[in-house]
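Asks:
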Amino acid sequence: MKKDFGFTLIEMMSTVVILGIVLAIAAPSLSQYIAINRAKGFAENLAQDLVMARTEAIRTNQAVQLDVRNGCYGMRAGNTACDCTITDTTSSNHCAIKQVNTSTGMSLTKTSGFNGIVFDPVRGLPVTNTFGTLTATQVLTIENTAAKVAVNLNVIGSVCINSAAGSKKVAGYPAAC
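Counting along the sequence shown from 1, when you hit position 93 you're at 93 in the UniProt record's numbering, and nothing is skipped either side.
1. Can residue 131 and residue 57 be called in contact, C-beta distance under 8 Å?
2. Measuring only the C-alpha atoms, how far is residue 102 from residue 71?
3. Tell me whether the beta-carbon of residue 147 lies closer than 8 Å to the beta-carbon of residue 170.
4. Apart from the five residues on each side of it in sequence, which residues of its chain come closer than 6 Å, Cβ to Cβ, to residue 84?
5. If distances are taken between C-alpha atoms only, which option among 168, 155, 154 and 176 comes closest to residue 162?
6. By how many angstroms is the C-alpha of residue 7 removed from the C-alpha of residue 145?
7. Secondary structure at residue 14, three-state DSSP: helix, strand or coil?
8. Can you tell which of 63, 5 and 105 has the C-alpha that lies nearest to the C-alpha of residue 81?
9. With 16 as the cutoff for other CB atoms within 10 Å, does residue 134 come out buried or exposed?
10. Count the other C-beta atoms from every protein chain shown that fall within 10 angstroms of the C-beta of residue 151, then say buried if there are 16 or more, exposed otherwise.
11. Looking at the secondary structure, which residues open and close the beta strand (DSSP E) in which residue 173 lies?
12. Considering residue 107, what are the terminal residues of the beta strand (DSSP E) in which it resides?
13. Please determine, among 142, 26 and 156, the residue with the shortest C-alpha to C-alpha distance to residue 38.
14. Mapping the DSSP letters down to three states, classify residue 74 as helix, strand or coil.
15. Flag this pair as yes or no: are the beta carbons of residue 139 and residue 111 separated by less than 8 Å?
16. Leaving aside the five residues before and after residue 60 along the sequence, list all residues of the same chain whose C-beta is less than 8 Å from its C-beta, in chain order.
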């Protein structure tokens with residue numbers, strides 16, 4: 001008697017059906033994973049850019065202005081503020097040091113006076129746009145469908161990322177700074 005090797009059509013179809021069910025269950029989880037990592041990546045990049053702006057202010061001995069809007073943030077050296085929505089590099093309001101746009105579905109919310117921050121060229125401290133001392137930690141919240149992360153800039157220029165408890169808590173970040 002001769003034995004045939006391989007899969008029958010029924011075995012192959014059963015495998016495809018089971019694979020389809022597993023993928024249908026995993027797809028929503030994968031899209032949530034991607035959304036969480038987009039928010040985390042944006043928050044970590046913003047935190048590093050704040051450190052870079054502080055360093056740039058000290059290195060060049062010029063104030064660095066920070067502009068934050070719902071869909072973007074940007075930085076510029078000098079005493080005049082920039083507008084992160086302007087993409088024309090020849091414009092006088094262009095954010096020359098750095099300009100970053102958020103991805104679709106992500107929002108930036110300034111829970112305190114985050115937009116008027118200037119990095120002092122002498123000590124690198126964050127100050128108000130009139131060079132007054134900050135009186136409280138400045139908070140910027142980054143949120144999308146799956147995650148909510150806050151970037152905190154304290155009065156001495158230290159940056160901390162946290163994610164408060166709730167349905168959009170991001171693992172790996174403390175609940176508060």
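Yeah, the Cβ is synthetic: ideal placement off N, Cα and C, and Gly gets one too. Predicted, not measured: the structure shown is a model, and the values here were computed from it.
Replies: Result, derived from the coordinates:
1. no
2. 5 Å
3. yes
4. 67, 69, 72, 73, 74, 95 and 99
5. 176
6. 43 Å
7. helix
8. 63
9. buried
10. buried
11. Premise fails: residue 173 is in no beta strand (DSSP E) and is neither H nor E.
12. 107 to 110
13. 142
14. strand
15. yes
16. 77 and 121
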